[in-house]
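Enquirer: Mind looking over this structure? Questions follow.
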Amino acid sequence: MKETSVAGETITFPEATGEAGKEVARPDRHGTMDGTGWHRRVVLVTGSNSGFGRLTAETLARRGHTVFAEMRESAGRNAAAAEGLREVVEGEGSNLRVVDLDVTLDESVERAMAEMVGEAGGVDVVVNNAGIFFVGPLEAFTAEQARGQFDVNVFGAMRVNRVALPHMRERGGGLLVHIGSVLGRLALPFFGLYAASKFALEGLTEAYRRELRPFGIDAVIVEPGTYPTEMNSKRAEPADGARVAVYGEHLKAFVGRFVEAAVEAGGDPQVVADAVVGLIEAPAGERPLRTVVAPGGQDRGPVALNRAAEGAVRDLLDAMGLASDLEARLARMEAGSSGGRA
Ligand SMILES: NC(=O)c1ccc[n+]([C@@H]2O[C@H](COP(=O)([O-])OP(=O)(O)OC[C@H]3O[C@@H](n4cnc5c(N)ncnc54)[C@H](OP(=O)(O)O)[C@@H]3O)[C@@H](O)[C@H]2O)c1
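For any residue, its number in the numbering used here is found by taking its place in the sequence shown, counting from 1, and adding 1.
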């Protein structure tokens, strides 16, 4: 058994058995099961050329899952990353394919999914990891920039989910993983636009979870704290420099200190990949809606908020007299749906 500690909780990974890439004893509706009961899943990971996405794709491939490592421009700008990813898992018999996907383009998402379904016969898990990071005072961003932030972090996930869900339903189960952020629970000054996109992802995940339950499809969100990936070096600045200048030293000092604190926290991004893999390998019905993974005490606020939020949707449904009706409908739909769970 492999263990990792996430927000003070210990996650235990089931042991991967059987050799990666080898024929398995019997096919299963949700991934493939070998003679020992080990489920190998067909997983799509967006933004897998760097950071959490790359580590997640590698870790999944090494544990015997079939991985579609999606990235932009795998034969161009990201060619070295694509090659590196193939090399890392090559020779280990791992089943990893690099596929081009830009989450802001409908046709790119549709093409990537068609390729995946053509090759693997379906999809069990989507990891919506691709993300961009806008930093600066809210008033200094144009509406177009704000749309750009949401187009990747929010609409991108919706695009990918939209093409994946019919295939998951056909298989009778699946899992949508969203990479949120501690900043999706708590908004800090100058990180507001990014935070708003991650807050949106929280809302979507909460709703997906209930909407998709009758189909045996799970939805979860992972909330990382600060980790040294390429996110900060790729960060986007506001278009309106004059508005930025109004904030002067205050802005520079706050963002500078934030970046320093992130470096000091010294987290290992592999912990985030391990948490994602742990959720994918956890039995359906046992995955928490939210998982905080954060270094240096950054988890305290989000964990407290998440605890407080547990049962809050149920309370609202109760207050509106909707709970029992909804539960009864979901139960009837579940009973009527043919599949099991991923
Ligand atoms: N690192 C942190 O401290 C932290 C904390 C909380 C949450 N997160 C979240 O974690 C996720 C991964 O970020 P990371 O930290 O690993 O940073 P990263 O190394 O910069 O990875 C971001 C990935 O998203 C990809 N991407 C951006 N726009 C895309 C698009 N239109 N289509 C497809 N892929 C696109 C990037 O590809 P290109 O290289 O081609 O741009 C890159 O592969 C993001 O959602 C981020 O918001 C990160």
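The C-beta atom is built at its ideal place from N, Cα and C for all residues, glycine as well. Bear in mind the structure is a predicted one, so any value in this text is a computation, not a measurement.
Check this for me: beta carbons of F156 and Q146, under 8 Å apart or not?
Expert: Within the sequence shown, the letter at position 155 stands for residue 156. Within the sequence shown, the letter at position 145 stands for residue 146. Result no, Cβ atoms of F156 and Q146 do not sit closer than 8 Å.
Enquirer: Straight-line CA distance for R210 to A246?
Expert: In the sequence shown, residue 210 corresponds to position 209, counting from 1. In the sequence shown, residue 246 corresponds to position 245, counting from 1. So the alpha carbons of these two residues sit roughly 43 Å apart.
Enquirer: In the structure shown, what three-state DSSP assignment does A329 receive?
Expert: By one-based count along the sequence shown, residue 329 stands at place 328. Helix, per DSSP.
Enquirer: Leaving out the 5 sequence neighbours to the left and right, which residues in its chain are closer than 7 Å to S51 when beta-carbon positions are compared?
Expert: Here residue 51 corresponds to residue number 50 of the sequence shown, with the count starting at 1. If we look at S51 and ignore the five residues flanking it on each side, its Cβ neighbours are A82, T230, E231.
Enquirer: In angstroms, rounded to a whole number, what distance separates the CA positions of V1 and V68?
Expert: In the structure displayed, the chain extends from 2 to 343; residue 1 sits before or after that span and is not available.
Enquirer: Count the other CB atoms within 10 Å of the CB of G286; is the residue buried (16 or more) or exposed (fewer)?
Expert: One-based indexing of the sequence shown puts residue 286 at position 285. So G286 ends up on the exposed side.
Enquirer: Using the Cβ count rule (16 or more neighbours within 10 Å means buried), how would you classify P167?
Expert: Looking up residue 167 in the sequence shown gives position 166. Looking at its Cβ environment, which holds fewer than 16 other Cβ atoms inside 10 Å, P167 is exposed.
Enquirer: My assumption, with CB atoms under 8 Å, is that T227 sits in contact with A266. Please give the rounded CB distance.
Expert: Mapped onto the sequence shown, residue 227 falls at position 226. Mapped onto the sequence shown, residue 266 falls at position 265. About 6 Å separates the two Cβ atoms, so the contact holds.
Enquirer: Please classify D219 as buried or exposed, where buried requires at least 16 neighbouring CB atoms within 10 angstroms.
Expert: Sequence index remark: in the sequence shown, residue 219 carries index 218 (1-based). Its Cβ being crowded by 16 or more others within 10 Å, D219 is buried.
Enquirer: For ligand 1, is there any heavy atom lying closer than 7 Å to the beta carbon of F192?
Expert: The residue given as residue 192 occupies position 191 in the sequence shown. False, no ligand heavy atom lies under 7 Å from that Cβ.
Enquirer: Taking V273 as the reference, give the member of R55, R78, V314, R214 with the closest Cα.
Expert: Within the sequence shown, residue 273 is the residue found at index 272, counting from 1. Of the listed residues, the one whose Cα sits closest to V273 is R55.
Enquirer: Residue ranges of each alpha helix (DSSP H) run of no fewer than 4 residues wholly in the region 196-257, ordered along the chain?
Expert: List check, alpha helix (DSSP H) in window: nothing returned.
Enquirer: How many Å lie between D125 and R214 at the Cα?
Expert: The residue you call residue 125 lines up with position 124 of the sequence shown. The residue you call residue 214 lines up with position 213 of the sequence shown. Approximately 15 Å, taken between the alpha carbons.
Enquirer: Using a Cβ-Cβ cut-off of 6 Å (strictly less than) and excluding sequence neighbours within five positions of F142, which residues of its own chain qualify?
Expert: To locate residue 142, count along the sequence shown from 1; it is residue 141. Cβ within range, chain order: L194, P239.
Enquirer: E231: beta carbon under 7 Å from a heavy atom of ligand 1?
Expert: To locate residue 231, count along the sequence shown from 1; it is residue 230. Checking the Cβ of E231 against ligand 1 gives yes.
Enquirer: Taking only three categories from DSSP, how would you classify R315?
Expert: Indexing the sequence shown from 1 puts residue 315 at position 314. R315 falls in the helix class under three-state DSSP.
Enquirer: With a CB to CB cut of under 6 Å and the five nearest residues on each side skipped, what residues in its chain are close to A62?
Expert: Residue numbering aside, residue 62 sits at position 61 when the sequence shown is read from its first letter. Only V68, V90, S95, L97 meet the Cβ criterion.
Enquirer: Which residues in the same chain have their Cβ closer than 6 Å to the Cβ of R236, if we skip the five residues on either side of it in sequence?
Expert: Translated into positions along the sequence shown, residue 236 becomes position 235. Cβ neighbours of R236 beyond the five flanking positions: F134, V136.
Enquirer: Between E203 and A76, what straight-line distance do the alpha-carbon atoms span, to the nearest angstrom?
Expert: Residue mapping note: residue 203 aligns to position 202 of the sequence shown, counting from 1. Residue mapping note: residue 76 aligns to position 75 of the sequence shown, counting from 1. When rounded, the distance between both Cα atoms is 33 Å.
Enquirer: Would you tell me roughly how many angstroms separate the C-alpha atoms of V256 and R315, rounded to the nearest one?
Expert: Stepping through the sequence shown from its first residue, residue 256 is reached at position 255. Stepping through the sequence shown from its first residue, residue 315 is reached at position 314. When rounded, the distance between both Cα atoms is 38 Å.
Enquirer: Could you give the DSSP three-state label for E71: helix, strand or coil?
Expert: Stepping through the sequence shown from its first residue, residue 71 is reached at position 70. Residue state, collapsed to three classes: strand.
Enquirer: Please classify G175: does DSSP put it in a helix, a strand, or coil?
Expert: One-based indexing of the sequence shown puts residue 175 at position 174. DSSP places G175 in strand when its eight states are reduced to three.
Enquirer: Closer than 7 Å: is that where the CB of V153 sits relative to any heavy atom of ligand 1?
Expert: Here residue 153 refers to the residue found at position 152 when the sequence shown is read from its first residue. Yes, the beta carbon of V153 sits closer than 7 Å to at least one heavy atom of ligand 1.
Enquirer: Tell me the rounded alpha-carbon separation between M334 and E116.
Expert: Your numbering for residue 334 matches position 333 in the sequence shown. Your numbering for residue 116 matches position 115 in the sequence shown. Their backbone Cα atoms lie some 31 Å apart in a straight line.
Enquirer: In terms of residue numbering, what span does the beta strand (DSSP E) encompassing L97 cover?
Expert: Sequence index remark: in the sequence shown, residue 97 carries index 96 (1-based). Unbroken beta strand (DSSP E) run through L97: 96-101.
Enquirer: Judging by CA-CA distance, which residue of G181, D275, A121 is the nearest neighbour of L205?
Expert: Against the sequence shown, residue 205 aligns to sequence position 204. Nearest of G181, D275, A121 to L205, Cα basis: G181.
Enquirer: Could you check if Y209 belongs to the surroundings of ligand 1, using beta carbon to heavy atom distance under 7 Å?
Expert: What you label residue 209 is simply residue 208 of the sequence shown in a count that begins at 1. Result no, Cβ not under 7 Å from ligand 1.
Enquirer: Quick one: give me the first and last residue of the beta strand (DSSP E) that T292 is part of.
Expert: For the purposes of this step, residue 292 is taken as residue 291 along the sequence shown, with counting starting at 1. Segment 291-294, the beta strand (DSSP E) holding T292.
Enquirer: I'd like to know whether the C-beta atoms of G249 and G217 end up nearer to each other than 8 Å.
Expert: The residue labelled residue 249 in the question sits at position 248 within the sequence shown. The residue labelled residue 217 in the question sits at position 216 within the sequence shown. No. Outside cutoff.
Enquirer: For A131 versus L86, is the C-beta distance shorter than 8 Å?
Expert: In the sequence shown, counting from the first residue as 1, residue 131 sits at position 130. In the sequence shown, counting from the first residue as 1, residue 86 sits at position 85. Result no, Cβ atoms of A131 and L86 do not sit closer than 8 Å.
Enquirer: Can you tell me whether DSSP reads H31 as helix, strand or coil?
Expert: In the sequence shown, the residue the question calls residue 31 occupies position 30. For H31, the pLDDT reaches just 45, beneath the cut-off of 50, and the residue's location in the model is therefore unreliable, although a value from the coordinates is still provided. H31 falls in the coil class under three-state DSSP.
Enquirer: Please report the residue range of the beta strand (DSSP E) in which N130 lies.
Expert: Translated into the one-based positions of the sequence shown, residue 130 becomes position 129. Unbroken run through N130: none, as it is neither H nor E.
Enquirer: Among the candidates D269, R186, H179, whose CA atom is the shortest distance from the CA of G48?
Expert: Taking the sequence shown and counting its residues from 1, one reaches residue 48 at position 47. Of the listed residues, the one whose Cα sits closest to G48 is H179.
Enquirer: Can you tell me whether R78 is helix, strand or coil according to DSSP?
Expert: Indexing the sequence shown from 1 puts residue 78 at position 77. Here R78 sits in coil by DSSP.
Enquirer: When you measure from the CB of S338 to every non-hydrogen atom of ligand 1, does any distance come out below 7 Å?
Expert: To locate residue 338, count along the sequence shown from 1; it is residue 337. Not so, every heavy atom of ligand 1 lies at least 7 Å from the Cβ.
Enquirer: DSSP on V44, reduced to helix/strand/coil?
Expert: The residue you call residue 44 lines up with position 43 of the sequence shown. Strand, per DSSP.
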